[in-house]
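Inspection log for the structure reproduced underneath, given as structure tokens.
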Amino acid sequence: MRVRFLNLSIKDEKERKNLLEAIDKVFQHGQIVLGPEVEELEEKVAEYCGVKYAVGVNSGTDALYLALKSLDIGPGDEVITTCLSWIATANAITLTGARPVFADIKENFNINPEEIEKLINSKTKAIVPVHFTGKVCDMTSIKDIADKYNIAIVEDAAQAFGATYGGEKAGSFGKVSAFSLNPMKVFAACGEAGVIVTDQRDIYERLNALRYNGTPDKTEAHYISLNARIDTLQAAILLQRFKTLDEWIDYRREAAEYYTALLTDLVQTPREDKNCRDVFYTYNILCEKRDELREFLSENGIESKIHHPLLMPMHLAYKEESPGCWPTGIKFTTSSLCLPIHERITKEEQDYVIKAIRYFYKKEVRSDHNEE
Ligand SMILES: *Cc1c(COP(=O)(O)O)cnc(C)c1O
Numbered sequence: 007m008r009v010r011f012l013n014l015s016i017k018d019e020k021e022r023k024n025l026l027e028a029i030d031k032v033f034q035h036g037q038i039v040l041g042p043e044v045e046e047l048e049e050k051v052a053e054y055c056g057v058k059y060a061v062g063v064n065s066g067t068d069a070l071y072l073a074l075k076s077l078d079i080g081p082g083d084e085v086i087t088t089c090l091s092w093i094a095t096a097n098a099i100t101l102t103g104a105r106p107v108f109a110d111i112k113e114n115f116n117i118n119p120e121e122i123e124k125l126i127n128s129k130t131k132a133i134v135p136v137h138f139t140g141k142v143c144d145m146t147s148i149k150d151i152a153d154k155y156n157i158a159i160v161e162d163a164a165q166a167f168g169a170t171y172g173g174e175k176a177g178s179f180g181k182v183s184a185f186s187l188n189p190m191k192v193f194a195a196c197g198e199a200g201v202i203v204t205d206q207r208d209i210y211e212r213l214n215a216l217r218y219n220g221t222p223d224k225t226e227a228h229y230i231s232l233n234a235r236i237d238t239l240q241a242a243i244l245l246q247r248f249k250t251l252d253e254w255i256d257y258r259r260e261a262a263e264y265y266t267a268l269l270t271d272l273v274q275t276p277r278e279d280k281n282c283r284d285v286f287y288t289y290n291i292l293c294e295k296r297d298e299l300r301e302f303l304s305e306n307g308i309e310s311k312i313h314h315p316l317l318m319p320m321h322l323a324y325k326e327e328s329p330g331c332w333p334t335g336i337k338f339t340t341s342s343l344c345l346p347i348h349e350r351i352t353k354e355e356q357d358y359v360i361k362a363i364r365y366f367y368k369k370e371v372r373s374d375h376n377e378e
């Protein structure tokens, strides 16, 4: 058997038909740029996240960059973020001219609020919590810190569309929040896409201008910016997928529960806090002999991934300027492994993965696990 980490091909007939129809509708009306689907998607996303406004953009990276720009963050400012994220988080901050300052994580892979507070100084303008693996950060503590020092929160919710904390959706905690909707993400387009959400009218208007070369009326630039508009075609695809989003999240959650039940005696499996609903963008285990396990899985046709082998401050582009120490982050980069999880994974595939991992650690599958 071969188990892909992710398979983006669409084989289901009904799903294909619906997507092709949605695309054809765009071909028919011809509003390829900022067509009606974009506006509809923005309305749906805002409502779903429990915020007033959403602005569709062309990637998660640009969503975060523009979110920071909308708060006037730039040269001379510092922005505190986690050490553990896809490098896009650091790049978006740095490209505004601000300096990213990296905090260590907690055992649950998310930024440690205690570490945030140690890094705050008079230059600190924002905190960018990343809801890593689709688990919302400890927003109560982070909000307390942000309020205490009068600093803005800008959520990097790229991995956490649909995740909740205390019943509130990811994206609703920041002054402005950024999502990626790229093909790998939980809510995924068939190409690059992103969305920014906010409750503030003035920020919303600014974002609308920032998304198109800083022009509120498409004529005169009020700000210096770039072209970051979302394609109508991607919006049409996303609208179609929005219909099944919650179903797919439930499916991921069930798949995660299944892995956890059958692996938790051998490796450290993810834990969900009582007040949270994680969406499992990735399913990360912490394990011994990680690289050997990964090799063994690969030999048996199972794809796994290391998200991410390098902490952001350890990338070549950041090494010089980012002194610091992140012991929990380091532990993560050496022992974490992402197992295949997505809305098309089958029980058979999961069983195969579980069996391989159990075999690797030389333990027998308990014979009583097969309830079905
Ligand atoms: C995917 C991702 C991004 C970047 O999104 P793109 O759409 O790929 O530009 C930013 N931050 C995090 C945490 C991500 O996982």
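Using the working numbering, the letters of the sequence shown correspond one by one to residues 7 to 378.
Every residue, glycine too, gets a C-beta built ideally from N, C-alpha and C.
Is it the case that the CB of residue i approaches a heavy atom of ligand 1 more closely than 7 Å?
{"i": "residue 188", "result": "yes"}
{"i": "residue 162", "result": "yes"}
{"i": "residue 221", "result": "no"}
{"i": "residue 66", "result": "yes"}
{"i": "residue 82", "result": "no"}
{"i": "residue 136", "result": "yes"}
{"i": "residue 70", "result": "yes"}
{"i": "residue 341", "result": "no"}
{"i": "residue 94", "result": "yes"}
{"i": "residue 198", "result": "yes"}
{"i": "residue 141", "result": "no"}
{"i": "residue 91", "result": "yes"}
{"i": "residue 165", "result": "yes"}
{"i": "residue 353", "result": "no"}
{"i": "residue 191", "result": "yes"}
Starting from residue i, follow the alpha helix (DSSP H) in both directions and report where the run begins and ends.
{"i": "residue 24", "result": "19-35"}
{"i": "residue 360", "result": "353-366"}
{"i": "residue 415", "result": "Here the chain comprises residues numbered 7 to 378, so residue 415 is not present and cannot be evaluated."}
{"i": "residue 266", "result": "251-269"}
{"i": "residue 296", "result": "296-305"}
{"i": "residue 207", "result": "207-216"}
{"i": "residue 81", "result": "Where residue 81 is concerned, there is no enclosing alpha helix (DSSP H), given that its DSSP letter is neither H nor E."}
{"i": "residue 123", "result": "119-125"}
{"i": "residue 8", "result": "No alpha helix (DSSP H) contains residue 8, which DSSP labels as neither H nor E."}
Is DSSP giving residue i helix, strand or coil here?
{"i": "residue 106", "result": "strand"}
{"i": "residue 180", "result": "coil"}
{"i": "residue 193", "result": "coil"}
{"i": "residue 285", "result": "coil"}
{"i": "residue 371", "result": "Because residue 371 carries a pLDDT of 46, less than 50, the predicted location of this residue cannot be relied on, and the following value inherits that uncertainty. Residue 371 falls in the coil class under three-state DSSP."}
{"i": "residue 43", "result": "helix"}
{"i": "residue 4", "result": "What is shown of the chain runs 7 to 378, which leaves residue 4 out entirely."}
{"i": "residue 138", "result": "helix"}
{"i": "residue 337", "result": "helix"}
{"i": "residue 310", "result": "coil"}
{"i": "residue 327", "result": "coil"}
{"i": "residue 54", "result": "helix"}
{"i": "residue 147", "result": "helix"}
{"i": "residue 111", "result": "strand"}
{"i": "residue 378", "result": "Confidence is the limiting factor: at residue 378 the pLDDT is only 40, short of 50, which leaves the residue's position unreliable and the question unanswerable from this model."}
{"i": "residue 5", "result": "What the structure shows of the chain is the stretch from 7 to 378, and residue 5 is not part of that stretch, so it cannot be assessed."}
At which residues does the beta strand (DSSP E) containing residue i begin and terminate?
{"i": "residue 289", "result": "289-292"}
{"i": "residue 162", "result": "158-162"}
{"i": "residue 344", "result": "342-345"}
{"i": "residue 59", "result": "59-63"}
{"i": "residue 200", "result": "200-204"}
By how many angstroms is the C-alpha of residue j removed from the C-alpha of residue i?
{"i": "residue 196", "j": "residue 172", "result": "31 Å"}
{"i": "residue 303", "j": "residue 311", "result": "11 Å"}
{"i": "residue 241", "j": "residue 47", "result": "6 Å"}
{"i": "residue 249", "j": "residue 217", "result": "26 Å"}
{"i": "residue 357", "j": "residue 176", "result": "31 Å"}
{"i": "residue 95", "j": "residue 26", "result": "33 Å"}
{"i": "residue 153", "j": "residue 37", "result": "43 Å"}
{"i": "residue 336", "j": "residue 290", "result": "15 Å"}
{"i": "residue 378", "j": "residue 183", "result": "No answer about residue 378 holds up, because its pLDDT of 40 lies below 50 and its placement is not dependable."}
{"i": "residue 372", "j": "residue 363", "result": "Any reading at residue 372 needs caution, since the residue's pLDDT is 48, under 50, leaving its predicted position unreliable; the model's value is listed next. Each residue's Cα considered, the two are about 13 Å apart."}
{"i": "residue 343", "j": "residue 226", "result": "49 Å"}
{"i": "residue 121", "j": "residue 51", "result": "32 Å"}
{"i": "residue 33", "j": "residue 124", "result": "53 Å"}
{"i": "residue 205", "j": "residue 323", "result": "34 Å"}
{"i": "residue 5", "j": "residue 157", "result": "With the chain represented from 7 up to 378, any question about residue 5 goes unanswered, as that position is not in the structure."}
{"i": "residue 271", "j": "residue 159", "result": "37 Å"}
{"i": "residue 370", "j": "residue 114", "result": "Low confidence applies to residue 370: its pLDDT is 47, below 50, so where it sits in the model is not reliable, and the reading given next is rough at best. Near 28 Å, if we compare the C-alpha coordinates of residue 114 and residue 370."}
{"i": "residue 180", "j": "residue 170", "result": "13 Å"}
{"i": "residue 386", "j": "residue 368", "result": "With the chain running from 7 to 378 in the structure shown, residue 386 is simply not present."}
{"i": "residue 366", "j": "residue 62", "result": "45 Å"}
{"i": "residue 41", "j": "residue 215", "result": "17 Å"}
Does the distance between the C-beta of residue i and the nearest non-hydrogen atom of ligand 2 fall short of 7 Å?
{"i": "residue 53", "result": "Questions concerning ligand 2 fall outside what the structure shown contains, since the ligands it does hold are ligand 1."}
So, does the stretch 207-218 touch the stretch 187-196, judging by three or more C-beta pairs under 8 Å?
no
Does the pairing of the stretch 100-113 with the stretch 122-134 give three or more beta-carbon distances under 8 Å?
yes
Using 8 Å as the cut-off, can you tell me whether the stretch 338-348 makes contact with the stretch 10-17, which would need three or more C-beta pairs spanning the two stretches below that distance?
yes
Should the stretch 275-293 be called in touch with the stretch 137-151, which here means at least 3 C-beta pairs below 8 Å?
yes
If contact is defined by three or more beta carbon pairs under 8 Å, each pair taking one atom from either stretch, is the stretch 40-56 in contact with the stretch 68-80?
no
Using 8 Å as the Cβ pair cut-off and three pairs as the minimum, do the stretch 257-273 and the stretch 64-72 touch?
no
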